[in-house]
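Taken in order, these protein sequences are the chains called E and U.
By numbering that gives the first Met the number 0, the letter at position 252 of the first sequence is numbered 251, and the numbering carries on one by one without gaps.
By numbering that gives the first Met the number 0, the letter at position 161 of the second sequence is numbered 160, and the numbering carries on one by one without gaps.
There are 2 protein chains.
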Amino acid sequence: MNNFQFKNPTKILFGKGQIANINQELHPNQKILLLYGGGSIKKNGVYDQVMQALKGYNITEFSGIEANPRYETCLKAINLVKKESIEFILAVGGGSVIDAAKFIAAGVYIETDPWMILSDRAKVKQALPIGTVLTLPATASEMNGNAVITRDATKEKLAFGSPHVYPQFSVLDPETTLSLPARQIANGVVDAFSHVIEQYLTYPADAPLQDRMAEGILLTLIEEGPKTYADPKDYTSRANIMWACTMALNGVIGVGVPQDWATHRIGHELTALFEIDHARTLAIVMPGIFQHKSEQKKHKLLQYASRIWNITEGSEEEIIHQAVDKTIAFFESLGIKTKLKDYDVNPEAINEIAERLAKRNGEIGLGEHQDIHQQDVVKILEYAL
Amino acid sequence: MNNFQFKNPTKILFGKGQIANINQELHPNQKILLLYGGGSIKKNGVYDQVMQALKGYNITEFSGIEANPRYETCLKAINLVKKESIEFILAVGGGSVIDAAKFIAAGVYIETDPWMILSDRAKVKQALPIGTVLTLPATASEMNGNAVITRDATKEKLAFGSPHVYPQFSVLDPETTLSLPARQIANGVVDAFSHVIEQYLTYPADAPLQDRMAEGILLTLIEEGPKTYADPKDYTSRANIMWACTMALNGVIGVGVPQDWATHRIGHELTALFEIDHARTLAIVMPGIFQHKSEQKKHKLLQYASRIWNITEGSEEEIIHQAVDKTIAFFESLGIKTKLKDYDVNPEAINEIAERLAKRNGEIGLGEHQDIHQQDVVKILEYAL
């Protein structure tokens, strides 16, 4: 196991009816910004529950945060926060709204252009406190210090992380997710699956507990994912998916082990250029990573094949091949296509993506060995043709 | 899954050399109480490493905290803290020293007799901040808000918990454990094993991820425990045991599921009356709980038999019987005896123990169904004859 430092101070309020308890986490005198997206929370009753819990509180609203939240929109929110002397941001929605809240919370205090937090890793020294009411299980942004923001003008999608932007509290009420379209639930399951894979499927690091915990999340997603996809009204399976998505990226399974994240980095380019749902880009890229890196990742791929898919027969090569097929079949069973042509992406785009990444990273490659360079990205994406 | 609230703000600094970083977690102007036990930290170099890291800091020492820390000793430390206006307690040692630090930190502020925190669940509203340097993996006290204190005068061993006594930080350097006697390592493995069982082996609660994470810890303890017991110099297995012990009781696997804790409650009486090592009392009691409650716990016992011990052949009764045998054999393989006579406890003591527990609990029984009463305790302990 590698040395590590770990701290996750977010308080989780999990289960039916927990929105009613958010007033115990907030001071009545605080000026609160209520941040949300396109207004689905007004249709499914979540907005009403929040307002009921915060009756008499000082609330300013800002809506219109997009899926893949835009820098340009966040800038407007930062101006509003400054103008209204907001003291707390309550994000109600999915990972996009929560990511936006983090960027806004940090952007208020940054002395340079807030974009520098993303483009030049300008250090975040302070941020407004955040709370969240999660309505879409997927990103685990509700229990970590990371955010991804997209800039429309330059078609860039970049990430940042800071200990200052962990939510103080997050409400996870599975009932808020019962009205979600199947497409979004499928996206969430695949996003969380990919988060686990990025922290697990690298090389052995003598960390058997982290391995088993990662495998526990993968198995839960595989068992519960199809149940909740088939029957959105099944509270139990939705609760399990919600908690599995949070555990997939709250830091617990990633301590002391190497991490990959090449799938996400390549996927972000696909979203930025072609507006493909984040999770679907991961389903396109991940099988290619497994295949292009099958030698380096061999030990873990064999463990994954055996412990997750019960594949033990055949040569090592055949076992790995079957594991890739099983992974693709799992994504497809949730209605998530894995080929570029399914999303009308032209094969010529592959070179553009590889070039963009190479330009952004310079000499530093992607992946747990930092050895995925421009030509590797081309080969990885060619598996998705 | 049941509703739950979860928060664990402790920062973990894990790995070789991390003691040197504690000065980044402390203010040089704070008056620090350095709390430790019988002085083993002076022999194994941990004391020197701490003093080196805190050169120039304002430190007062208090040593002599016992295994099963005594109320009477803690009272002396509380007086010292008040007299010296101590602002931070740094506990260096195992669970006993850390538990004592928590009781002292809370006791300083309590308006009644501090014993009321334990005997009458007097509410802890405030506590001094705590940090820890863990030298003995076992209790997970380094990453939770619980403590157990023993009162010599009345031979009582009682627990309390409060969100105010989570350590702000804990250093887990596996190298500090390399000089531990095999007996203590064995105790730690069995203690952690029992912590997992108390949160896992109850009844199904539709929480498959918590189950798999609990199973991951059990499997890690079973695989790595004998390695580290056989070769104390194996850093890797010791690191894995250290992290598994922390994860066993930092709250993660216990969210949203029923919990038992009867093994611990009965075990505490054995320690209070006969000074048997805490972990050894658990090894005495646990098999009896499995057997006495085999009908109520049937579903989980079968899952435990299958997923932990690969037992699938035989009737349900036979499978459970084999799982009990495997559990006992595991404890015994670490040199931990599981019968009362191994510790020279007279069979007549069984009634005394059952009576003491009944007196303390009144009508409320032990276990996940609160249905383990005086006569059940007798039967459970009779399995250990």
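Each residue gets a CB set at the ideal place from its N, CA and C atoms; glycine is no exception.
Item to check | Bounding residues of the beta strand (DSSP E) (the contiguous stretch that carries Lys42(U)) | outcome: Sequence index remark: in the second sequence, residue 42(U) carries index 43 (1-based). First-last for Lys42(U): 39-42, but that is the alpha helix (DSSP H), not the beta strand (DSSP E).
Item to check | Per-residue burial, Pro136(E) [other beta carbons within 10 Å of its own, 16 or more giving buried] | outcome: The residue given as residue 136(E) occupies position 137 in the first sequence. Pro136(E) comes out buried.
Item to check | Enclosing alpha helix (DSSP H) for Gln187(E) [first to last residue] | outcome: On the first sequence, position 188 is the one that residue 187(E) refers to. In the sequence as displayed, the identity of residue 187(E) is Gly instead of Gln. Run containing Gly187(E): 181-199, per the alpha helix (DSSP H) assignment.
Checklist entry - Can you name the start and end residues of the beta strand (DSSP E) that Ala247(E) belongs to? => result The residue you call residue 247(E) lines up with position 248 of the first sequence. Note, Ala247(E): premise wrong, no beta strand (DSSP E); alpha helix (DSSP H) at 234-247.
Next on the checklist: Which complete alpha helix (DSSP H) runs does the stretch 88-147 of chain U hold, if anything under 4 residues is left out?
Outcome noted: 94-106, 115-118
Checklist entry - Which one or two residues does DSSP pair with Ile77(U) in a beta bridge? => result Stepping through the second sequence from its first residue, residue 77(U) is reached at position 78. Its beta-bridge partners do not exist; DSSP assigns none.
Next on the checklist: In the DSSP output, which residue or residues are listed as bridge partners for Thr153(U)?
Outcome noted: Here residue 153(U) refers to the residue found at position 154 when the second sequence is read from its first residue. DSSP, once it has assigned bridges, lists no residue as partnering Thr153(U).
Item to check | Glu60(U) - DSSP class collapsed to helix/strand/coil | outcome: One-based indexing of the second sequence puts residue 60(U) at position 61. Reduced to three states, the DSSP call for Glu60(U) is strand.
Item to check | Arg211(U): contacting residues in chain E (beta-carbon distance under 9 Å) | outcome: Indexing the second sequence from 1 puts residue 211(U) at position 212. Within 9 Å Cβ-Cβ: Arg211, Met212, Glu214, Gly215, Ile216, Leu218, Thr219.
Checklist entry - Does Ile129(E) get closer than 8 Å to chain U when you measure Cβ to Cβ? => result In the first sequence, counting from the first residue as 1, residue 129(E) sits at position 130. No, Ile129(E) lies away from the interface with chain U (no Cβ there is under 8 Å from its Cβ).
Checklist entry - Taking just the CA atoms, how far does Ala278(U) sit from Glu354(U)? => result Looking up residue 354(U) in the second sequence gives position 355. Looking up residue 278(U) in the second sequence gives position 279. Cα to Cα, Glu354(U) sits roughly 22 Å from Ala278(U).
Item to check | Interface flag, Val251(E) vs chain U, CB-CB below 8 Å | outcome: Translated into positions along the first sequence, residue 251(E) becomes position 252. At least one chain U Cβ lies under 8 Å of Val251(E).
Checklist entry - Hey, would you say Leu34(E) sits closer than 8 Å to Phe61(E), going by beta carbons? => result As a working note, residue 34(E) is residue 35 in the first sequence. As a working note, residue 61(E) is residue 62 in the first sequence. In contact: Leu34(E) and Phe61(E) (Cβ atoms closer than 8 Å).
Checklist entry - At a Cβ threshold of 8 Å, is Phe329(U) touching chain E? => result Looking up residue 329(U) in the second sequence gives position 330. Answer no: the Cβ-Cβ gap between Phe329(U) and chain E never drops below 8 Å.
Checklist entry - To the nearest angstrom, how far is it from the Cα of Tyr228(E) to the Cα of Asn20(E)? => result In the first sequence, the residue the question calls residue 228(E) occupies position 229. In the first sequence, the residue the question calls residue 20(E) occupies position 21. Using only the alpha carbons, I get a separation of about 29 Å.
Item to check | Nonlocal neighbours in the same chain, by C-beta distance under 8 Å from Gly36(E), ignoring five residues either side | outcome: Counting from 1 along the first sequence, the entry for residue 36(E) is found at position 37. Contacts found: Ser62, Gly63, Ile64, Glu65, Ala66, Gly92, Gly93, Ser95, Val96.
Checklist entry - Which of the three DSSP states, helix, strand or coil, is assigned to Gly16(U)? => result As a first step, residue 16(U) must be located in the second sequence, where it is residue number 17. Gly16(U): coil per DSSP, three-state reduction.
Checklist entry - Where do the N-terminal and C-terminal ends of the alpha helix (DSSP H) with Lys299(U) fall, by residue? => result For this step, residue 299(U) is matched to residue 300 along the second sequence. Looking at the DSSP string, the run of the alpha helix (DSSP H) that includes Lys299(U) is 297-308.
Checklist entry - According to DSSP, which residues form a beta bridge with Lys30(U)? => result In the second sequence, the residue the question calls residue 30(U) occupies position 31. Note: Lys30(U) sits in a beta bridge opposite Asn57(U).
Checklist entry - If Ala167(E) and Glu86(E) are in contact, beta carbons under 8 Å, what's the gap, nearest whole angstrom? => result Locating residue 167(E) in the first sequence gives position 168, where the first residue counts as 1. Locating residue 86(E) in the first sequence gives position 87, where the first residue counts as 1. Correcting the residue type first, residue 167(E) is Gln in the shown sequence and not Ala. About 12 Å separates the two Cβ atoms, so there is no contact after all.
Checklist entry - Roughly how many angstroms separate the alpha carbons of Gly106(U) and Ala126(U), rounded to a whole number? => result Here residue 106(U) refers to the residue found at position 107 when the second sequence is read from its first residue. Here residue 126(U) refers to the residue found at position 127 when the second sequence is read from its first residue. Looking at the two C-alpha atoms, the distance is approximately 8 Å.
Checklist entry - Among all the DSSP beta bridges, which residues are the ones paired with Ser169(U)? => result What you label residue 169(U) is simply residue 170 of the second sequence in a count that begins at 1. DSSP output for Ser169(U) lists Ile11(U), Thr131(U) as bridge partner(s).
Checklist entry - Taking C-alpha atoms, which residue in Ser161(E), Met285(E), Gln51(E) lies nearest to Lys325(E)? => result Against the first sequence, residue 325(E) aligns to sequence position 326. If we check each option's Cα against that of Lys325(E), Met285(E) comes out closest.
Item to check | Glu197(U) and Asp259(U) closer than 8 Å at C-beta | outcome: Working through the second sequence from its first residue, we reach residue 197(U) at position 198. Working through the second sequence from its first residue, we reach residue 259(U) at position 260. Cβ distance < 8 Å, so Glu197(U) and Asp259(U) count as in contact.
Checklist entry - Rounded C-beta distance between Asn350(U) and Val377(U)? I'm assuming under 8 Å. => result The sequence position of residue 350(U) within the second sequence is 351, counting from 1. The sequence position of residue 377(U) within the second sequence is 378, counting from 1. Asn350(U) to Val377(U), Cβ: 7 Å. Contact.
Next on the checklist: Extract the residue ranges of the alpha helix (DSSP H) inside the stretch 318-381 of chain U, only unbroken runs of 4 or more that lie entirely within it.
Outcome noted: 348-360, 373-381
Checklist entry - Under the rule that 16 or more other beta-carbon atoms within 10 Å means buried, what is Asp172(E), buried or exposed? => result Residue 172(E) sits at position 173 when you count from the first residue of the first sequence. Looking at its Cβ environment, which holds 16 or more other Cβ atoms inside 10 Å, Asp172(E) is buried.
Checklist entry - So does Ser39(E) have its beta carbon nearer than 7 Å to some heavy atom of the ligand NAP? => result Inclusion of the ligand NAP in the displayed structure is not the case, the ligand content being empty and no account of it being possible.
Next on the checklist: Judging by CA-CA distance, which residue of Lys82(E), Leu208(E), Ile88(E), Cys73(E) is the nearest neighbour of Trp114(E)?
Outcome noted: The residue labelled residue 114(E) in the question sits at position 115 within the first sequence. Of Lys82(E), Leu208(E), Ile88(E), Cys73(E), the residue nearest in Cα terms is Cys73(E).
Checklist entry - If you compare alpha carbons, which of Thr245(E), Ala247(E), Lys340(E) is closest to Ile283(E)? => result Looking up residue 283(E) in the first sequence gives position 284. Cα-wise, what sits closest to Ile283(E) is Lys340(E).
Checklist entry - Could you give the distance in angstroms between the alpha-carbon of Leu217(U) and the alpha-carbon of His291(U)? => result As a working mapping, residue 217(U) is identified with position 218 in the second sequence. As a working mapping, residue 291(U) is identified with position 292 in the second sequence. If I take the Cα positions, the gap works out to 22 Å.
Next on the checklist: Taking the alpha helix (DSSP H) that Thr176(E) belongs to, which residues open and close that run?
Outcome noted: The residue labelled residue 176(E) in the question sits at position 177 within the first sequence. Element bounds for Thr176(E): n/a, residue is neither H nor E.
Item to check | Alpha-carbon spacing of Pro225(E) relative to Ala243(E), whole angstroms | outcome: Your numbering for residue 225(E) matches position 226 in the first sequence. Your numbering for residue 243(E) matches position 244 in the first sequence. Cα-Cα distance, rounded: 14 Å.
Checklist entry - Which stretch, first to last residue, makes up the alpha helix (DSSP H) that contains Ile216(U)? => result On the second sequence, residue 216(U) is found 217 positions in, with the first residue counted as 1. Its alpha helix (DSSP H) spans residues 207-229.
Checklist entry - Are at least three pairs of beta-carbons, each pair with one atom in the stretch 173-193 of chain U and one in the stretch 133-152 of chain U, less than 8 Å apart? => result yes
Checklist entry - What residues are listed by DSSP as bridge partners for Arg69(E)? => result Position 70 of the first sequence, counted from the first residue, corresponds to residue 69(E). Thr149(E), per the DSSP bridge assignment.
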